[in-house]
Amino acid sequence: MKSCSPVDSAWSPEVSSLKITPEIILNMKREGRRVPALTAYDYSMARLLDECGIPLILVGDSLGMLVLGYPDTTSVTLADMEHHVKATARAKPKALLVADLPIGSYSDPESAVRSALRIVNAGAEAVKAEGGLSIIQQVKAIQQAGIPFMGHLGMLPQHIREEGRYRIKGRNEEERKALINDALALTEAGAFAIVLELVSPETAAEITSRVAVPTIGIGSGTQCDGQILVTQDLIGAFPWFTPKHISPRIQSAQEIQGAVRQWMEDLPGV
Ligand code: KIV
1 MKSCSPVDSA
11 WSPEVSSLKI
21 TPEIILNMKR
31 EGRRVPALTA
41 YDYSMARLLD
51 ECGIPLILVG
61 DSLGMLVLGY
71 PDTTSVTLAD
81 MEHHVKATAR
91 AKPKALLVAD
101 LPIGSYSDPE
111 SAVRSALRIV
121 NAGAEAVKAE
131 GGLSIIQQVK
141 AIQQAGIPFM
151 GHLGMLPQHI
161 REEGRYRIKG
171 RNEEERKALI
181 NDALALTEAG
191 AFAIVLELVS
201 PETAAEITSR
211 VAVPTIGIGS
221 GTQCDGQILV
231 TQDLIGAFPW
241 FTPKHISPRI
251 QSAQEIQGAV
261 RQWMEDLPGV
């Protein structure tokens, strides 16, 4: 396994010493650079990732499952997000720090701006919310309030209760067209990047070729401009559930448990 150095073909040391802004992320597409992105929910993980030169860190509402022990993201509150954004922001990352607006916090433009301001006051530099045309007034209001916005299309985890299961989006013509229209609308509204979660690789490639902003895929094939992962999935730190699109690079849960067992065995007098 390589040591922690910036991803050679995707990122370069001279760029990773800069404070990353939404404009830099946006320009990475024009410059033909891939955009690697990972999640962090606290100070130490944000610091570790930042020291690797990752350009974008997301405080995702996936913290509902990974940190808070919920079955999905639908119980995460704005207060939960603020708490974890504050912890993550204390790492003062050079990476752009983006955070999710949780479910129910952006139902209309006014509440979207109020919630986005709380997240930014907690230390995030941009917010992400799920949806395209259905939330476009909220996206415009957030942008008008001067807060950079990152889109999220495809499988929308905050809708898991209506959907019933996680599934690939964009396989049929109706979904393909809707996703393309959503992506174009988000771009038009000023989003600086769009996460594509569980979008069929063909549709993800088409969106990527049609929008001027970077697409950042998760389980959406290899043709997106960047890739985002939940860090615990990348490092095998949440062994109770591994999404289908993930091949952990290390099995850190086993390493941790091995260290704990060994330490207990080695205790004097035990
Ligand atoms: O909440 C999250 O971690 C996310 C990523 C999976 C994109 O939205």
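The opening residue of the sequence shown carries number 1 in our numbering; numbering runs sequentially from there.
For every residue, glycine included, the Cβ atom is placed at its ideal position computed from N, Cα and C.
DSSP three-state assignment for residue i, whether helix, strand or coil
| i | result |
| --- | --- |
| Q227 | strand |
| G170 | coil |
| A193 | strand |
| L66 | helix |
| G258 | helix |
| T242 | coil |
| I180 | helix |
| P55 | coil |
| I218 | strand |
| C4 | In this predicted model, C4 has a pLDDT of only 49, less than 50, meaning its place in the structure is not dependable enough to derive any value. |
The ligand ZN heavy atom lying under 7 Å from the CB of residue i
| i | result |
| --- | --- |
| P102 | Inclusion of the ligand ZN in the displayed structure is not the case, the ligand content consisting of the ligand KIV alone. |
Integer-rounded CB distance, given that residue j should sit under 8 Å from residue i
| i | j | result |
| --- | --- | --- |
| I25 | A205 | Rounded, the Cβ-Cβ distance is 20 Å, inconsistent with contact. |
| G236 | A253 | 6 Å |
| I168 | S200 | 5 Å |
| A145 | A191 | That pair is no contact at about 14 Å. |
| L56 | A95 | 6 Å |
| R176 | T203 | 5 Å |
| M81 | D100 | 6 Å |
| Y41 | L66 | 7 Å |
| V230 | T39 | 5 Å |
Every unbroken alpha helix (DSSP H) inside the segment 15-47 [4 residues or more]:
Look at the segment 15-47 and you find these whole runs of alpha helix (DSSP H), each 4 residues long or longer: 22-30.
Neighbourhood of the ligand KIV [Cβ distance below 7 Å to any heavy atom], ordered by chain position:
Listed along the chain, these residues meet the criterion: T39, L58, G60, D61, S62, T73, D100, K128, H152, P157, V195, E197, I218, I228 and V230.
Of all the alpha helix (DSSP H) runs that stay within the bounds of the segment 72-154, which reach a length of 4 or more residues?
List check, alpha helix (DSSP H) in window: 78-89, 109-121 and 136-144.
Using 8 Å as the threshold, is the segment 174-184 in touch with the segment 137-147, meaning 3 or more CB pairs across them?
With the cut-off at 8 Å, the segment 174-184 and the segment 137-147 do not touch.
Inter-stretch contact at 8 Å, needing at least 3 Cβ pairs: the segment 113-132 / the segment 221-233
Contact annotation: the segment 113-132 does not touch the segment 221-233, with fewer than three C-beta pairs closer than 8 Å.
Is it the case that the segment 49-58 contacts the segment 241-253, given that we only count it when at least three CB pairs across the two stretches are under 8 Å?
Fewer than three pairs of CB atoms, one per stretch, sit closer than 8 Å, so the segment 241-253 makes no contact with the segment 49-58.
Is the segment 27-35 close to the segment 208-219, with three or more CB pairs under 8 Å?
Short answer: they touch.
Contact between the segment 156-165 and the segment 109-124 is defined here as three or more beta-carbon pairs at a separation below 8 Å; is this criterion met?
Not touching, per the Cβ criterion.
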